[in-house]
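Engineer: First, the structure itself, so that you have it in front of you.
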Amino acid sequence: MTRTTASGPDAHDLPALAGLLLDRLRSERIRVHAITNSVAQAFTANLLLAAGGIPSLTVAPNEVPFFTQRSDALLVNLGTLDGERREAISLGIAAARDHGKPWVLDPVFVEASPSRLEFARSCLSRAPRILRCNAGEFRALAECDAGPPALQAFARSHGTVIALTGEIDWITDGARIVRIHNGHSLMAHVTAIGCAGTALIAAFSALHDNALEAAAAAVLVTGVAGDIAGADAKGPGSFQPAFLDAVFNLDTASLAAQGRVS
Amino acid sequence: MTRTTASGPDAHDLPALAGLLLDRLRSERIRVHAITNSVAQAFTANLLLAAGGIPSLTVAPNEVPFFTQRSDALLVNLGTLDGERREAISLGIAAARDHGKPWVLDPVFVEASPSRLEFARSCLSRAPRILRCNAGEFRALAECDAGPPALQAFARSHGTVIALTGEIDWITDGARIVRIHNGHSLMAHVTAIGCAGTALIAAFSALHDNALEAAAAAVLVTGVAGDIAGADAKGPGSFQPAFLDAVFNLDTASLAAQGRVS
Amino acid sequence: MTRTTASGPDAHDLPALAGLLLDRLRSERIRVHAITNSVAQAFTANLLLAAGGIPSLTVAPNEVPFFTQRSDALLVNLGTLDGERREAISLGIAAARDHGKPWVLDPVFVEASPSRLEFARSCLSRAPRILRCNAGEFRALAECDAGPPALQAFARSHGTVIALTGEIDWITDGARIVRIHNGHSLMAHVTAIGCAGTALIAAFSALHDNALEAAAAAVLVTGVAGDIAGADAKGPGSFQPAFLDAVFNLDTASLAAQGRVS
Numbered sequence: 001m002t003r004t005t006a007s008g009p010d011a012h013d014l015p016a017l018a019g020l021l022l023d024r025l026r027s028e029r030i031r032v033h034a035i036t037n038s039v040a041q042a043f044t045a046n047l048l049l050a051a052g053g054i055p056s057l058t059v060a061p062n063e064v065p066f067f068t069q070r071s072d073a074l075l076v077n078l079g080t081l082d083g084e085r086r087e088a089i090s091l092g093i094a095a096a097r098d099h100g101k102p103w104v105l106d107p108v109f110v111e112a113s114p115s116r117l118e119f120a121r122s123c124l125s126r127a128p129r130i131l132r133c134n135a136g137e138f139r140a141l142a143e144c145d146a147g148p149p150a151l152q153a154f155a156r157s158h159g160t161v162i163a164l165t166g167e168i169d170w171i172t173d174g175a176r177i178v179r180i181h182n183g184h185s186l187m188a189h190v191t192a193i194g195c196a197g198t199a200l201i202a203a204f205s206a207l208h209d210n211a212l213e214a215a216a217a218a219v220l221v222t223g224v225a226g227d228i229a230g231a232d233a234k235g236p237g238s239f240q241p242a243f244l245d246a247v248f249n250l251d252t253a254s255l256a257a258q259g260r261v262s
Numbered sequence: 263m264t265r266t267t268a269s270g271p272d273a274h275d276l277p278a279l280a281g282l283l284l285d286r287l288r289s290e291r292i293r294v295h296a297i298t299n300s301v302a303q304a305f306t307a308n309l310l311l312a313a314g315g316i317p318s319l320t321v322a323p324n325e326v327p328f329f330t331q332r333s334d335a336l337l338v339n340l341g342t343l344d345g346e347r348r349e350a351i352s353l354g355i356a357a358a359r360d361h362g363k364p365w366v367l368d369p370v371f372v373e374a375s376p377s378r379l380e381f382a383r384s385c386l387s388r389a390p391r392i393l394r395c396n397a398g399e400f401r402a403l404a405e406c407d408a409g410p411p412a413l414q415a416f417a418r419s420h421g422t423v424i425a426l427t428g429e430i431d432w433i434t435d436g437a438r439i440v441r442i443h444n445g446h447s448l449m450a451h452v453t454a455i456g457c458a459g460t461a462l463i464a465a466f467s468a469l470h471d472n473a474l475e476a477a478a479a480a481v482l483v484t485g486v487a488g489d490i491a492g493a494d495a496k497g498p499g500s501f502q503p504a505f506l507d508a509v510f511n512l513d514t515a516s517l518a519a520q521g522r523v524s
Numbered sequence: 525m526t527r528t529t530a531s532g533p534d535a536h537d538l539p540a541l542a543g544l545l546l547d548r549l550r551s552e553r554i555r556v557h558a559i560t561n562s563v564a565q566a567f568t569a570n571l572l573l574a575a576g577g578i579p580s581l582t583v584a585p586n587e588v589p590f591f592t593q594r595s596d597a598l599l600v601n602l603g604t605l606d607g608e609r610r611e612a613i614s615l616g617i618a619a620a621r622d623h624g625k626p627w628v629l630d631p632v633f634v635e636a637s638p639s640r641l642e643f644a645r646s647c648l649s650r651a652p653r654i655l656r657c658n659a660g661e662f663r664a665l666a667e668c669d670a671g672p673p674a675l676q677a678f679a680r681s682h683g684t685v686i687a688l689t690g691e692i693d694w695i696t697d698g699a700r701i702v703r704i705h706n707g708h709s710l711m712a713h714v715t716a717i718g719c720a721g722t723a724l725i726a727a728f729s730a731l732h733d734n735a736l737e738a739a740a741a742a743v744l745v746t747g748v749a750g751d752i753a754g755a756d757a758k759g760p761g762s763f764q765p766a767f768l769d770a771v772f773n774l775d776t777a778s779l780a781a782q783g784r785v786s
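Chains as they are written, first to last, in my numbering: chain A, 1 to 262; chain B, 263 to 524; chain C, 525 to 786.
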């Protein structure tokens, strides 16, 4: 974990870091306040609980500052972005900044709604530690296709780490790039897997100052758990419980054996 | 599929049509925007994803027109009918009509709330392609018990197809009636199975102009998947993942072997 | 069931009572209207359906009185306490009181939000039949640590039964105390298990006038189902369906064999 290279964490180190952060998440019962879409709330809570953390999920504006303040990190997910969520997100980000808590942005479906895109841009200007998105969401935000130079330029100009998830996951802080090749095709047939994965990124960002490594470690956990779950699942239904079981049981040895980082 | 009889699709044809529509749903990644109740959102998304489609679920009024416009069909479910959902539904139906997208109505628990019943009637006047309901909901809407003549009269007078689900499912366009005898008793012990099934009806209605056949094919898929899931499930908990797996894996051969249509 | 002692139901009687109430819940299709947090809605509905009841879950203020009136009991859960839920809860409690339906209070995370604590206190003043909470929530409400004398004093002064769940569950009406030693460690890694369990308490409170016994019987069902599910589960993912299956299949014999009451 302390050994990093200019081009990214060594492929053998990231699994060790991920295992360590998972152990600490469990022993320190890390709290994440998740302002997330109504579809993803239960699965997000269940992933955080499976990983050993403690979730809270209110979107009531008058409660969000209190829940954020007592949490270790804040997740801001822009799905089902109603008026109450907009207000809650603004107050949550303010509370996170006031109390020095990292916050992570997940601009779900930002390509589908002009007002959501505008809101995402205003969130981005408030310095999220990490931005997690897919290629379509990145294209809407950056107005160009995702690729290493575009990702690096966007990360640098916004002063954030980007974790772009897809068949291959790319994580960059503007200089280094980490590629993760784990994950299973069934993950695209289960709702909220990506949203819940961003909550794990938020949890890891509370445990490890290097945001690139924290994000990459969390993405690795999600991907390896996906591989394990996908190996036995008969479809997206049985994948879900198997995925939560895999996260619950994951250890450094499995991460080292199955993690594919470059 | 092109062969239909005056009294309904031939029992041997509906499974073939259902299999074909499922294949097209998968290959064309059909998009359904679902304005649905907060209880059913995650399961509805998971059923659409298991079937190969792409769900979106925002109920924010200022976003719904954009999401509806980019979708292939709209689901309107009247559960947990708060003020925001009422506004979202009105705007969603308007957007569907403006852009020529089919929309499907599911008047959940309409018998329990006078204001919901009134709202359902105003929705019905805006020409849903298909109305999916159970016997209690039909009784509230039609002010008479469900039975073939009552269903046909209601379908004719409202210019819609009715899919009445229950132990036997009845689907009628006012002239023809299709009866489906599939489905498992455990389905009544899992929340949102019916609501999610209506989302599949919406997806099929985007693929097939004959609304009677589209609705019947979707109901057949849900019923056969229920039979398959119920055969192995130990209760309603294990039924849920088994049901999603069954939808994911369903093909024309299984539909033909297990579909019971009359 | 009719035999009770001054110090609590006999350890051999509570399983019999629990089995009897579960049978009646199934045969009488008990209805519970649940005003609960958005994270717990689906699992709460699924637990009630697995137990044989009929859930409804709208939080729309103009609908809640109608749904409460036609239900056998009302659940009031203070999670994700937005403005609409506050209004719905006030109207729901009023409707429950007007129509003589028992209502049960679950003050989720009341220790985290000053405005929620204040609202919980106002709910408590409106005579819930049963208060279900954990140690942290009790501490916030009672301003002292949970323990038998504190629980009894609080129950007496508020005229309610308290079901304090934790590693050991304590249920008291201010005089008698029942302790239940069932339950599995995986329950702490699944969201909404406690919230859903309170819905079962509400259902039982509609079937049995003695609120202490109704609450203890429901907590016993949840705990024994947890033991059964935990015995086979590989983690919190597979625990969830196994738990619902266990509730669905539970009978007096299993409750008698596995219930640990003192």
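A virtual CB, placed ideally from N, CA and C, is assigned to each residue, including glycine.
(1) Please say whether residue 231 of chain A and residue 218 of chain A have beta carbons closer to each other than 9 Å?
(2) Starting from residue 247 of chain A, follow the alpha helix (DSSP H) in both directions and report where the run begins and ends.
(3) Does the beta-carbon of residue 525 of chain B have 16 or more other beta-carbons within 10 angstroms, so that it is buried, or is it exposed?
(4) List the residues that DSSP assigns as beta-bridge partners of residue 395 of chain B.
(5) Under the assumption that residue 468 of chain B contacts residue 356 of chain B (Cβ atoms under 8 Å), give the Cβ distance between them as a whole number of angstroms.
(6) In the DSSP output, what is residue 559 of chain C paired with across the bridge?
(7) DSSP three-state call for residue 58 of chain A: helix, strand or coil?
(8) What residues in its chain sit with their C-beta under 7 Å from that of residue 150 of chain A, if we drop five residues either side in the sequence?
(9) Chain B partners of residue 574 of chain C, CB-CB under 8 Å?
(10) Please tell me whether residue 346 of chain B and residue 382 of chain B are closer than 9 Å, where the distance is taken between their beta carbons.
(11) For residue 80 of chain A, which residues in chain B fall below 7 Å Cβ to Cβ?
(12) I'd like the list of long-range same chain contacts for residue 137 of chain A, defined as Cβ closer than 8 Å, with 5 residues on each side in sequence excluded.
(13) Is it buried or exposed for residue 640 of chain C, if we count other Cβ within 10 angstroms and need 16 for buried?
(14) For residue 552 of chain C and chain B, any beta-carbon pair shorter than 9 Å?
(15) Examine chain A for any beta-carbon lying closer than 9 Å to the beta-carbon of residue 765 of chain C, and answer yes or no.
(16) Check the Cβ of residue 461 of chain B against every Cβ in chain A and list those closer than 9 Å, keeping chain order.
(17) Just the chain D side, please: which residues come within less than 7 Å of residue 670 of chain C by C-beta, in chain order?
(18) Tell me, which residues are paired with residue 367 of chain B by DSSP?
(19) Please list, in chain order, all residues of the same chain as residue 436 of chain B whose beta carbon is under 7 Å from its beta carbon, the five residues on each side excluded.
(20) When the Cα atoms are used, what is the spatial distance from residue 420 of chain B to residue 43 of chain A?
(21) First and last residue of the beta strand (DSSP E) that includes residue 440 of chain B?
(22) To the nearest angstrom, report how far apart residue 496 of chain B and residue 603 of chain C are at their CA atoms.
(23) If I follow the unbroken beta strand (DSSP E) through residue 434 of chain B, where does it start and stop?
(24) Nearest by alpha-carbon distance to residue 471 of chain B: which of B/423, B/324, B/303, B/312 is it?
(25) Could you pull the DSSP bridge partners for residue 523 of chain B from this structure?
(26) Using 8 Å for Cβ pairs, my map puts residue 663 of chain C next to residue 627 of chain C. What's the rounded Cβ distance?
(27) Counting contacts by CB-CB distance shorter than 9 Å, is residue 485 of chain C in contact with chain B?
(28) Exposed or buried, which one is residue 8 of chain A when buried takes at least 16 other CB atoms within 10 Å?
(29) Would a C-beta distance cut-off of 9 Å place residue 367 of chain B and residue 338 of chain B closer than the cut-off?
(30) Sorted by chain position, which residues of the same chain lie with C-beta nearer than 6 Å to residue 612 of chain C's C-beta, five sequence neighbours on each side aside?
(31) Using the three-state DSSP reduction, which class does residue 1 of chain A fall into: helix, strand or coil?
(32) Using 8 Å as the Cβ pair cut-off and three pairs as the minimum, do the segment 498-511 of chain B and the segment 448-457 of chain B touch?
(33) Going by DSSP, what residue range makes up the alpha helix (DSSP H) through residue 717 of chain C?
Structural biologist: In this structure, then:
(1) One-based indexing of the first sequence puts residue 218 of chain A at position 218. One-based indexing of the first sequence puts residue 231 of chain A at position 231. No. Outside cutoff.
(2) The count along the first sequence starts at 1 and reaches residue 247 of chain A at position 247. Unbroken alpha helix (DSSP H) run through residue 247 of chain A: 236-249.
(3) Nothing in the structure corresponds to residue 525 of chain B, since chain B is present only between 263 and 524.
(4) For this step, residue 395 of chain B is matched to residue 133 along the second sequence. Answer is B/426.
(5) For the purposes of this step, residue 468 of chain B is identified with residue 206 of the second sequence, where counting begins at 1. For the purposes of this step, residue 356 of chain B is identified with residue 94 of the second sequence, where counting begins at 1. So it is not a contact: roughly 18 Å between Cβ atoms.
(6) The residue you call residue 559 of chain C lines up with position 35 of the third sequence. Beta-bridge pairing links residue 559 of chain C to C/600.
(7) By 1-based counting over the first sequence, the position of residue 58 of chain A is 58. If DSSP states are grouped into helix, strand and coil, residue 58 of chain A belongs with coil.
(8) Working through the first sequence from its first residue, we reach residue 150 of chain A at position 150. Result list for residue 150 of chain A: 142, 144, in chain order.
(9) Position 50 of the third sequence holds residue 574 of chain C. Within 8 Å Cβ-Cβ: 451, 497, 498, 499.
(10) Translated into positions along the second sequence, residue 346 of chain B becomes position 84. Translated into positions along the second sequence, residue 382 of chain B becomes position 120. In this structure, residue 382 of chain B does not lie closer than 9 Å to residue 346 of chain B by Cβ.
(11) Position 80 of the first sequence, counted from the first residue, corresponds to residue 80 of chain A. Within chain B, the residues near residue 80 of chain A are 319, 320, 321, 322.
(12) The residue you call residue 137 of chain A lines up with position 137 of the first sequence. Within the same chain, residue 137 of chain A has close Cβ partners 107, 108, 109, 110, 111.
(13) Taking the third sequence and counting its residues from 1, the one referred to as residue 640 of chain C is at position 116. Around the beta carbon of residue 640 of chain C, a 10 Å sphere encloses 16 or more other beta carbons of the protein chains shown; the residue is thus reported as buried.
(14) In the third sequence, the residue the question calls residue 552 of chain C occupies position 28. It does not: the Cβ of residue 552 of chain C has no partner Cβ on chain B nearer than 9 Å.
(15) To locate residue 765 of chain C, count along the third sequence from 1; it is residue 241. Answer yes: the Cβ-Cβ gap between residue 765 of chain C and chain A drops below 9 Å somewhere.
(16) Taking the first residue of the second sequence as 1, we reach residue 461 of chain B at position 199. Simply none; closest approach about 12 Å.
(17) Of the protein chains in the structure, A, B and C, none is chain D.
(18) Counting from one through the second sequence, the residue named residue 367 of chain B turns up at place 105. For residue 367 of chain B, which the question treats as bridged, DSSP gives the partners B/338, B/393.
(19) Start at 1 with the first residue of the second sequence, and residue 436 of chain B comes out as number 174. Excluding residues within five positions, the ones whose Cβ falls inside 7 Å are 414, 417, 418.
(20) As a working note, residue 420 of chain B is residue 158 in the second sequence. As a working note, residue 43 of chain A is residue 43 in the first sequence. Using only the alpha carbons, I get a separation of about 40 Å.
(21) Taking the second sequence and counting its residues from 1, the one referred to as residue 440 of chain B is at position 178. Taken as a continuous stretch (DSSP letters only), the beta strand (DSSP E) holding residue 440 of chain B covers 439-442.
(22) As a position in the second sequence, residue 496 of chain B is number 234, starting the count at 1. As a position in the third sequence, residue 603 of chain C is number 79, starting the count at 1. So the alpha carbons of these two residues sit roughly 31 Å apart.
(23) Taking the first residue of the second sequence as position 1, residue 434 of chain B is located at position 172. Where residue 434 of chain B is concerned, the enclosing beta strand (DSSP E) stretches over 431-434.
(24) Position 209 of the second sequence, counted from the first residue, corresponds to residue 471 of chain B. Residue B/423 is the option with its Cα nearest to residue 471 of chain B.
(25) Counting from one through the second sequence, the residue named residue 523 of chain B turns up at place 261. Residue 523 of chain B pairs with B/442.
(26) Locating residue 663 of chain C in the third sequence gives position 139, counting from the first residue. Locating residue 627 of chain C in the third sequence gives position 103, counting from the first residue. Residue 663 of chain C to residue 627 of chain C, Cβ: 23 Å. No contact.
(27) Residue coverage of chain C in this structure runs from 525 to 786, which leaves residue 485 of chain C outside it and unanswerable.
(28) Working through the first sequence from its first residue, we reach residue 8 of chain A at position 8. Model confidence at residue 8 of chain A stands at a pLDDT of 48, short of 50, so the residue's coordinates are unreliable; what they give is reported in the following sentence. Around the CB of residue 8 of chain A, 16 or more other CB atoms lie within 10 Å, so the residue is classed as buried.
(29) What you label residue 367 of chain B is simply residue 105 of the second sequence in a count that begins at 1. What you label residue 338 of chain B is simply residue 76 of the second sequence in a count that begins at 1. Yes, the Cβ-Cβ distance between residue 367 of chain B and residue 338 of chain B is below 9 Å.
(30) As a working mapping, residue 612 of chain C is identified with position 88 in the third sequence. Taken in chain order, the residues that qualify are 559, 583, 585, 588.
(31) On the first sequence, residue 1 of chain A is found 1 positions in, with the first residue counted as 1. Unreliable placement is indicated for residue 1 of chain A, whose pLDDT of 36 sits below 50; the coordinate value is still reported in the next sentence. Note: residue 1 of chain A maps to coil in three-state DSSP.
(32) yes
(33) Counted from its first residue, the third sequence places residue 717 of chain C at position 193. Note, residue 717 of chain C: alpha helix (DSSP H), 717-729.
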